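Protein chains: 2
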Amino acid sequence: MKLVIDMMGGDHGTKTTIEAVKQFVQLHKDCEIFAVGNEEEIQELNGLPLVHIVPSKTVLPMDADPMSAMKTLDSSLMVGIQAFLDNGCDGLISAGSTGALLTASIFKIKRLQGIKRPCLITSFPTVIDNKKFVACDLGANASDTKEELEQFAMMGSLYYSILYNEEHPKVYLLNNGTEEEKGNPLTKETYQLLKVNPHINFKGNLEGRDAMKGEADVIVCDGFTGNIFLKTLEGTAKAMGSMMKDAFKMNLSTKIGYLFAKKGIKAMIKKMDYKNVGGALLLGVNGIVIKSHGSSEAKSFLASMESAYNLAKQDLIGKIKVRLDSNE
Amino acid sequence: MKLVIDMMGGDHGTKTTIEAVKQFVQLHKDCEIFAVGNEEEIQELNGLPLVHIVPSKTVLPMDADPMSAMKTLDSSLMVGIQAFLDNGCDGLISAGSTGALLTASIFKIKRLQGIKRPCLITSFPTVIDNKKFVACDLGANASDTKEELEQFAMMGSLYYSILYNEEHPKVYLLNNGTEEEKGNPLTKETYQLLKVNPHINFKGNLEGRDAMKGEADVIVCDGFTGNIFLKTLEGTAKAMGSMMKDAFKMNLSTKIGYLFAKKGIKAMIKKMDYKNVGGALLLGVNGIVIKSHGSSEAKSFLASMESAYNLAKQDLIGKIKVRLDSNE
């Protein structure tokens, strides 16, 4: 197995990515790493087993314009994409600019045959222990058609079934009400397509307030709505975490309470922490491309690497290709 | 002052609305109440000072089709709307079907002059104590134009300034990124309108993850996106509340921890509880129309009544009219 790592992309620079790579190679002896970045900055990786250093000169800014980013061929992202293609790699992980990563992946690594548009997908916690749901598109696109949403539903369903070993994942459409006739023009039309699609187990509309209850396996929406959903969920969880901290700091009694309750509270915070999730997968391109959180720490970046490793082990891309062929 | 109360609309029937009305008349001696509902069920209110019982025969279901609901003239909602018009009332509160309430209010109570579409607005907590933000449209509409969003921004700004005594509220557009060029076609176009609107203090785009940080005063979005935002925020807060409960139940130590921390935790939960918010206002019609939460308990329904009372006291509708006139 072969993974390309963009060492330069994140907010925290190479410190976190170097740490993640070092931990990763300790854990996996069957995976080559192509570490792309400034040679001096990442020389620490020199000599690690199965690690190849691939030098790059520049780093794309987080708000890089995707099309001009594509022309910055000496950037860690573009050098990484080239290394991916030249070495027949399985996956690529970057914590850099989302737009640049998506655009470069679509143009260079290419979409899978028959896929109109790739989507961003990731797993979310629910109130039920160990039960997760996935949602897509979380923002690879800013506007979508009903046919694209239908493909997201099929790809998302397949992804969930591979990841969580569930043969017929329950698919829901994110909407402003549960009744069939609810929605904006896009969700109304998409509902009619999903209802008759034989490749998915469509269960109807779902409201944002029910997402974390644990009933849904796959939640489908357009990229704009998905981005609002993802960030509102993240922001609310973070705000509540911060309010919880304040609550424990209220007085001596609450401080003592924290000492006793610490174990439970920490387990809960861990569950809600995106750092353990492993980034978002760009589903629909011919490789495992993972966008790690821009503010990734080593733990979070390592989780993204683990996620790519596991999906490659399970031959996600091969299985999607088989399913896409059989759907034709 | 005169308020119409739909006694029948909520999930919990008249028990909660009767309790709320009884508490309300204890608190306010300067407000007539027109309590609309099944005469037998609400006879308890008979003889209360300033309370008029207005009999109605039927109750609209929560999923009532708005247009056919308009024809059910003996329903508590439609009788209530008629009582509002006949008695020159200031406000109307219902915990019944949102769609029916909105449609009936728009057709019967009418929009304010110059307003294309009313929007739903409410206040949200932030991580900063006593600092709130408002967001609109939360779902009065399923799809909107940029001109409608611009009006929501102006109405929302005015609403915030009256409610929180802040002369130039900071207005943000809910979007999938902070940069000016981010967004779907609607948000991109709306940005350009808001940027040059002299009646608002526009600060740019805002992502869902930053809503609760306390920087924004008014967040503007289309009704579909707003509904996803509202329900995702509510659902995440509820899920975290439930996880927190589980965390405290983990073992004996965490249970003891809860006893010590209880005061802080309860204050935090109260802050996040929609029951204290007072429902959502239909902003842009010629009266204070408040949709109380369908699952409202007495406390929550009372908060909606208090909210209508305070907005009427402050002459919200009169002030909006003045502003609309001066904008022309």
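Line by line, the protein sequences give chains C and B.
Quick note: to get this note's numbering, add 31 to the position in the first sequence (first position is 1).
Quick note: to get this note's numbering, add 31 to the position in the second sequence (first position is 1).
Cβ coordinates follow ideal geometry from the N, Cα and C atoms, glycine included.
Because the structure is a prediction, the values reported are computed rather than measured.
Checklist entry - Which word fits LEU58 (chain C), buried or exposed, when buried means at least 16 other C-beta atoms lie within 10 angstroms of its C-beta? => result LEU58 (chain C) is exposed by the Cβ-count criterion.
| request: Pick helix, strand or coil for SER125 (chain C), following the three-state DSSP scheme. | output: In the three-state reduction of the DSSP assignment, SER125 (chain C) falls in the strand class.
Q. Grouping DSSP H, G and I as helix and E and B as strand, with all else coil, what is GLY257 (chain B)?
A. Three-state DSSP puts GLY257 (chain B) in a helix.
Original post:
Would you say the region 214-222 of chain B touches the region 171-188 of chain B, given that touching needs at least three Cβ pairs under 8 Å?
Top reply: Output reads yes: the region 171-188 of chain B touches the region 214-222 of chain B.
(request) Identify whether ILE250 (chain C) lies in helix, strand or coil by the three-state DSSP scheme. (result) Strand.
- Query: In chain C, which residues lie less than 9 Å from ASP117 (chain B) when you measure between Cβ atoms?
  - Reply: Going along chain C, no residue has its Cβ under 9 Å from ASP117 (chain B), so there is no contact; the nearest lies around 32 Å.
Query - Residue of C:VAL249, C:LYS226, C:PHE65 minimising C-alpha distance to TYR191 (chain C) - result: When only C-alpha atoms are compared, the closest one is C:VAL249.
>> Do ASP94 (chain B) and GLU197 (chain C) have their beta-carbon atoms positioned less than 8 Å apart in this structure?
In response: In this structure, ASP94 (chain B) does not lie closer than 8 Å to GLU197 (chain C) by Cβ.
So that I know if they touch, is there some Cβ in chain B lying closer than 8 Å to that of TYR203 (chain C)?
It does not: the Cβ of TYR203 (chain C) has no partner Cβ on chain B nearer than 8 Å.
Q) Do GLY122 (chain B) and ALA329 (chain B) have their C-beta atoms closer together than 8 Å? A) Contact flag unset, no.
*Along the chain, which unbroken stretches of the alpha helix (DSSP H) at least 4 residues long are found entirely within the region 177-224 of chain C?*
Within the region 177-224 of chain C, the complete alpha helix (DSSP H) runs of at least 4 residues are 177-195.
### Member of B:GLN113, B:LEU237, B:HIS230 whose CA lies at the smallest distance from the CA of VAL35 (chain B)
Of the listed residues, the one whose Cα sits closest to VAL35 (chain B) is B:GLN113.
Under 8 Å by beta carbon: chain B residues contacting LYS294 (chain C): At a beta-carbon threshold of 8 Å, the residues of chain B lying near LYS294 (chain C) are MET281, ASN282, SER284, THR285, ordered along the chain.
Of all Cβ atoms in chain C, is any one closer than 8 Å to the Cβ of ALA184 (chain B)?
So, not an interface residue.
Could one say the Cβ of SER273 (chain B) lies closer than 8 Å to chain C's Cβ atoms, at least one of them? So, interface residue.
#### Entry: Partner residues on chain C for ASN161 (chain B), Cβ-Cβ distance less than 7 Å
Scanning chain C for C-beta atoms nearer than 7 Å to the C-beta of ASN161 (chain B) yields nothing, as the closest lies near 13 Å away.
Residues of chain B with CB closer than 9 Å to the CB of GLY266 (chain C), please, in chain order.
Ordered by position in chain B, the residues that pass the 9 Å Cβ test against GLY266 (chain C) are GLU238, GLY239, ARG240, ASP241, ALA242, MET243, LYS244, LEU264, THR267.
Against chain C, with Cβ distances strictly below 8 Å, would THR153 (chain B) count as a contact?
For THR153 (chain B), the nearest beta carbon of chain C is not closer than 8 Å to its own beta carbon.
Looking at chain C, which residues of the region 195-224 of chain B have a Cβ within less than 7 Å of any of its Cβ atoms?
-> Look at the region 195-224 of chain B: the residues with a C-beta under 7 Å from a C-beta of chain C are LEU205, ASN207, GLU210, GLY214, ASN215, PRO216.
If you draw a straight line from the C-alpha of ALA343 (chain B) to the C-alpha of GLY318 (chain B), how long is it? The alpha-carbon atoms of ALA343 (chain B) and GLY318 (chain B) are separated by roughly 9 Å.
task = Please work out which residues of its chain come closer than 7 Å, Cβ to Cβ, to GLY325 (chain B), disregarding the five sequence neighbours upstream and downstream, and give them in chain order.
result = Taken in chain order, the residues that qualify are GLY41, ASP42, MET93, ALA126.
With 16 other CB atoms within 10 Å as the buried threshold, where does ILE159 (chain B) fall?
A residue is called buried when at least 16 other Cβ atoms come within 10 angstroms of its Cβ; ILE159 (chain B) does not meet this threshold and is exposed.
Worksheet entry | Secondary structure of ASN228 (chain C), DSSP reduced to three states | Coil.
Would GLY145 (chain B) be called buried (16 or more neighbouring beta carbons within 10 Å of its own) or exposed? Counting Cβ neighbours within 10 Å, GLY145 (chain B) comes out exposed, since fewer than 16 surround it.
Compute the distance between the beta-carbons of ASP168 (chain C) and LEU151 (chain C), then report whether it is under 8 Å.
In this structure, LEU151 (chain C) lies closer than 8 Å to ASP168 (chain C) by Cβ.
Query raised in the report: What is the DSSP secondary structure of PRO156 (chain C), counted as helix, strand or coil?
Result: PRO156 (chain C): strand per DSSP, three-state reduction.
Helix, strand or coil for ARG240 (chain B)? Go by DSSP, reduced to three states. ARG240 (chain B): helix per DSSP, three-state reduction.
*For a contact meaning CB atoms closer than 9 Å, what does LYS177 (chain B) contact in chain C?*
Those within 9 Å of LYS177 (chain B) in chain C number zero; the least Cβ separation is about 15 Å.
- Going along the chain, which residues of the region 48-64 of chain C sit with their C-beta nearer than 8 Å to a C-beta in chain B? Using a CB distance below 8 Å, no part of the region 48-64 of chain C faces chain B.
Who are the Cβ neighbours of LEU91 (chain B) in its own chain at under 7 Å, not counting the five residues just before and after it? Only ALA100, THR103, SER106, LEU108, GLY127, SER128, ALA131 meet the Cβ criterion.
For this session: Would you mind stating whether MET39 (chain B) and GLY266 (chain C) have Cβ atoms separated by less than 8 Å?
Result: Cβ distance not < 8 Å, so MET39 (chain B) and GLY266 (chain C) don't count as in contact.
ask   = Just checking my contact of ILE124 (chain C) with SER331 (chain C) at CB under 8 Å: how many whole Å lie between their CB atoms?
value = 11 Å between Cβ atoms; not a contact.
May I ask whether a heavy atom of the ligand COA can be found less than 7 Å away from the beta carbon of ASN282 (chain B)?
Ligands displayed in this structure: none; no statement on the ligand COA is therefore possible.
(message) So, with DSSP's three-state summary, where would you put THR103 (chain B)?
(response) It is coil, neither helix nor strand.
| query | Given that ALA173 (chain B) touches chain C, what residues does it touch there, using C-beta distances under 7 Å? | reply | Going along chain C in sequence order, the residues near ALA173 (chain B) (Cβ under 7 Å) are ASN207, GLY214, ASN215.
LYS297 (chain B), buried or exposed, once every other Cβ within 10 Å from all chains shown has been counted against 16:
In summary, LYS297 (chain B) is exposed, with fewer than 16 beta-carbon neighbours lying within 10 Å of its beta-carbon over all protein chains present.
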